[in-house]
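The structure under discussion appears below in the form of C-alpha cells.
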Amino acid sequence: MSVSSLAQQLRGSEIIKIAAEINELKRQGENIANLTIGDFDSNIYPIPPQLKQNIVDAYSDNQTNYPAADGMLPLRESIANFLKERYDLEYAPANEILVSGGSRPLIYSIFLAVVNPGEKVVFPTPSWNNNHYCDLLAADGVMLPTLPENNFMPTADEIRPHLKGAALLALCSPLNPTGTMFAKKDLEEICDLVIAENKSRAAGEKPLYLMYDQIYSQLTFGEHEHYNPVSLRPELRDYTIFVDGGSKCFAATGVRVGWGFGPANIVNSMKAIVGHMGAWAPKAEQMAMGKFLSDVNAVDTFLENLKSNVQASLDALYRGFQQLKAEGFNVDAIEPMGAIYLTIKVDYIGKTTPDGKLLETATDVNFYLIKNAGIAFVPFSAFGTGEDMAWFRASVGTITNEDIQHTIPRIKAALAKLK
Ligand SMILES: Cc1ncc(COP(=O)(O)O)c(C=O)c1O
Numbered sequence: 001m002s003v004s005s006l007a008q009q010l011r012g013s014e015i016i017k018i019a020a021e022i023n024e025l026k027r028q029g030e031n032i033a034n035l036t037i038g039d040f041d042s043n044i045y046p047i048p049p050q051l052k053q054n055i056v057d058a059y060s061d062n063q064t065n066y067p068a069a070d071g072m073l074p075l076r077e078s079i080a081n082f083l084k085e086r087y088d089l090e091y092a093p094a095n096e097i098l099v100s101g102g103s104r105p106l107i108y109s110i111f112l113a114v115v116n117p118g119e120k121v122v123f124p125t126p127s128w129n130n131n132h133y134c135d136l137l138a139a140d141g142v143m144l145p146t147l148p149e150n151n152f153m154p155t156a157d158e159i160r161p162h163l164k165g166a167a168l169l170a171l172c173s174p175l176n177p178t179g180t181m182f183a184k185k186d187l188e189e190i191c192d193l194v195i196a197e198n199k200s201r202a203a204g205e206k207p208l209y210l211m212y213d214q215i216y217s218q219l220t221f222g223e224h225e226h227y228n229p230v231s232l233r234p235e236l237r238d239y240t241i242f243v244d245g246g247s248k249c250f251a252a253t254g255v256r257v258g259w260g261f262g263p264a265n266i267v268n269s270m271k272a273i274v275g276h277m278g279a280w281a282p283k284a285e286q287m288a289m290g291k292f293l294s295d296v297n298a299v300d301t302f303l304e305n306l307k308s309n310v311q312a313s314l315d316a317l318y319r320g321f322q323q324l325k326a327e328g329f330n331v332d333a334i335e336p337m338g339a340i341y342l343t344i345k346v347d348y349i350g351k352t353t354p355d356g357k358l359l360e361t362a363t364d365v366n367f368y369l370i371k372n373a374g375i376a377f378v379p380f381s382a383f384g385t386g387e388d389m390a391w392f393r394a395s396v397g398t399i400t401n402e403d404i405q406h407t408i409p410r411i412k413a414a415l416a417k418l419k
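Numbered per UniProt numbering, the sequence shown spans residues 1 to 419.
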C-alpha cells in the first residue's frame with residue numbers, strides 16, 4: 001500500500017473523466033460541444049474589464065506579499081457592503097468574513113471546523129462535491145435523493161428524519177448541478193427544522209450547523225428570487241455559514257477569490273484551517289476584487305450582461321428540448337432559474353445503438369451522445385444519484401449562444417437512431 005487509506009478511497013471527479021474522453025475525440029478531429037464543465041470560456045465570457053484593470057494595477061503597485069490571514073481588510077469591507085446592499089445581511093469585516101483562494105477552501109474549512117470524523121453530514125443529491133468533502137473527513141454522508149417534480153430541490157419532509165444528531169446540513173441555491181432554486185416557503189420549512197433540532201439539543205452540545213452555498217445567487221433569471229436562511233429566520237445567524245465568491249457571478253473562476261461569512265467563532269476556526277493550508281487568495285486579486293465590488297455601476301452592468309447571455313443560452317437549450325419532447329422524443333428539461341446550468345432528461349437507458357450496443361446507464365447514454373451527436377453533458381450520477389437516473393447537467397458557460405442552436409438537430413438525429 002503506497003498511499004494512505006484516505007488517498008486510496010478518494011474518488012476522482014467524474015467530470016474530469018468525461019473531459020478526458022472529449023479531449024481524445026477532439027484530438028481525433030471531432031467537433032464536440034462540451035457542456036460538461038462548470039466554467040466559462042474566457043474568450044466568450046471575459047472577466048469585467050474594471051476587475052482586469054484593477055488586477056494589473058495591484059501587481060504594478062507591488063501588492064505581492066502575503067495577504068492578511070482572513071483576507072485584505074479593504075476587500076472584507078467591500079464584501080460587508082455588498083452583503084448589506086444586495087441581501088440586507090450584516091456581517092462584520094473584523095471577524096465574521098473570511099476570504100480564501102476561491103470558494104472550495106471555505107467549504108473544506110467549514111466541514112473541518114464543525115464536523116468530527118464519523119459524524120453525520122446531511123445533503124441532497126444531486127449536489128456538488130459534498131460527497132467528496134465527506135470522504136476527506138471520513139464523515140458519515142447522508143445523501144437524500146430529491147425529485148424532478150420538486151425541481152430536484154430538497155424538501156423539509158425529505159430532510160426531517162435525518163437531522164437528529166447531525167453535525168452539518170449542506171444546502172445550495174441556485175443549485176449546482178440543476179440550475180434550480182429554493183422557493184421561499186420550502187427554505188423556511190427547512191430552516192424551521194434546523195431551529196427545532198438545535199432547540200432539542202442539550203446545553204453545551206455541539207449544534208447542527210447549516211452550510212449555505214449561494215455562489216450563484218447573483219445569477220438568477222426573471223421572477224426567480226434568491227432567499228437565504230438568515231434573512232428568513234434571523235435566529236439561524238448563529239448556526240449558518242455562507243459560501244460565496246466571485247468565481248461564477250463575475251465569470252472569474254481563475255481569479256480565485258472566494259468569501260464566506262458566519263458566526264465569529266466558526267469563521268475564526270475556518271481562518272486557522274485556511275491559514276494552515278495556505279489557501280489564501282493572491283493579495284493583488286484581493287485588492288482588485290475589493291475595489292471592483294465597491295464599484296456598484298460596474299458590478300451591475302457586468303451582471304446584467306452576463307445574466308442575459310447565460311439566460312439566452314439556457315433558454316435556447318430548454319426550448320430545443322421542449323421541442324424534441326413535443327415531437328415525441330423521450331426527453332425533458334426543467335425551466336432554468338439560476339446559475340449556468342440546465343437540467344435535462346434523456347431517457348434512453350435500455351435502448352440499443354445501431355451497432356447493437358445496449359445503453360445500460362446514464363453514462364452509456366452520455367457517451368453515445370458524445371460520439372454520435374457531438375455533445376457532452378454530465379449525468380447526475382456524477383453528483384451522487386444512481387446510474388439509473390436519466391437526468392443530466394448541461395453547463396452553458398463554455399459555448400456561444402449560436403453554437404447551442406446547432407446542437408439540437410444533432411441530438412435529434414442521434415436519438416432517432418436508437419431502438
Ligand atoms: C455550488 C458551488 N460552490 C462552490 C464552488 C467553488 O467555486 P470556486 O471555483 O470559487 O472554488 C463551485 C464551483 O463549481 C460550485 O458550483
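Beta carbons: idealized from backbone N, C-alpha and C, even for Gly.
In DSSP terms, what residue i is bridged to
{"i": "residue 424", "result": "The requested residue 424 is not part of the displayed model; the chain covers only 1 to 419."}
{"i": "LEU187", "result": "Beta-bridge pairing links LEU187 to no other residue."}
{"i": "GLY258", "result": "SER100 and GLY245"}
{"i": "ALA333", "result": "ILE344"}
{"i": "PRO124", "result": "LEU144"}
{"i": "ASP213", "result": "CYS172 and VAL243"}
{"i": "ALA33", "result": "ILE375"}
{"i": "SER60", "result": "SER60 is not bridged to any residue."}
{"i": "ARG86", "result": "DSSP output for ARG86 lists no bridge partner at all."}
{"i": "PHE392", "result": "ILE344 and PRO379"}
Backbone CA spacing between residue i and residue j [nearest angstrom]
{"i": "VAL194", "j": "VAL122", "result": "12 Å"}
{"i": "ASN330", "j": "ALA113", "result": "45 Å"}
{"i": "ASN198", "j": "PRO207", "result": "6 Å"}
{"i": "GLU387", "j": "ILE349", "result": "10 Å"}
{"i": "LEU6", "j": "LEU137", "result": "9 Å"}
{"i": "ARG104", "j": "ALA94", "result": "22 Å"}
{"i": "ALA19", "j": "GLU235", "result": "43 Å"}
{"i": "CYS134", "j": "PHE111", "result": "8 Å"}
{"i": "LEU144", "j": "PRO161", "result": "10 Å"}
{"i": "GLU158", "j": "GLU188", "result": "14 Å"}
{"i": "ALA362", "j": "TYR87", "result": "38 Å"}
{"i": "LEU106", "j": "SER100", "result": "7 Å"}
{"i": "ASP213", "j": "PRO354", "result": "43 Å"}
{"i": "ALA376", "j": "LEU342", "result": "13 Å"}
{"i": "GLU205", "j": "MET181", "result": "32 Å"}
{"i": "LYS52", "j": "LEU293", "result": "13 Å"}
{"i": "HIS224", "j": "LEU303", "result": "15 Å"}
{"i": "ASN129", "j": "ALA139", "result": "13 Å"}
{"i": "SER2", "j": "HIS276", "result": "25 Å"}
{"i": "ALA414", "j": "ALA170", "result": "38 Å"}
{"i": "GLN405", "j": "LEU317", "result": "7 Å"}
Cβ-heavy atom distance, residue i to ligand 1, below 7 Å
{"i": "CYS172", "result": "yes"}
{"i": "SER247", "result": "yes"}
{"i": "ASP41", "result": "no"}
{"i": "ARG104", "result": "yes"}
{"i": "GLY38", "result": "yes"}
{"i": "ASP300", "result": "no"}
{"i": "GLY258", "result": "yes"}
{"i": "TRP280", "result": "no"}
{"i": "ILE16", "result": "no"}
{"i": "VAL56", "result": "no"}
{"i": "VAL99", "result": "no"}
{"i": "VAL243", "result": "yes"}
{"i": "ASP213", "result": "yes"}
{"i": "TRP391", "result": "no"}
{"i": "ASN176", "result": "yes"}
{"i": "THR253", "result": "yes"}
Residue i burial status per 10 Å Cβ neighbour count (16 or more: buried)
{"i": "GLN8", "result": "exposed"}
{"i": "GLY278", "result": "exposed"}
{"i": "ARG233", "result": "buried"}
{"i": "SER200", "result": "exposed"}
{"i": "TYR66", "result": "exposed"}
{"i": "ARG393", "result": "buried"}
{"i": "LEU210", "result": "buried"}
{"i": "ASN228", "result": "buried"}
{"i": "ALA390", "result": "buried"}
{"i": "ARG256", "result": "buried"}
{"i": "PRO336", "result": "buried"}
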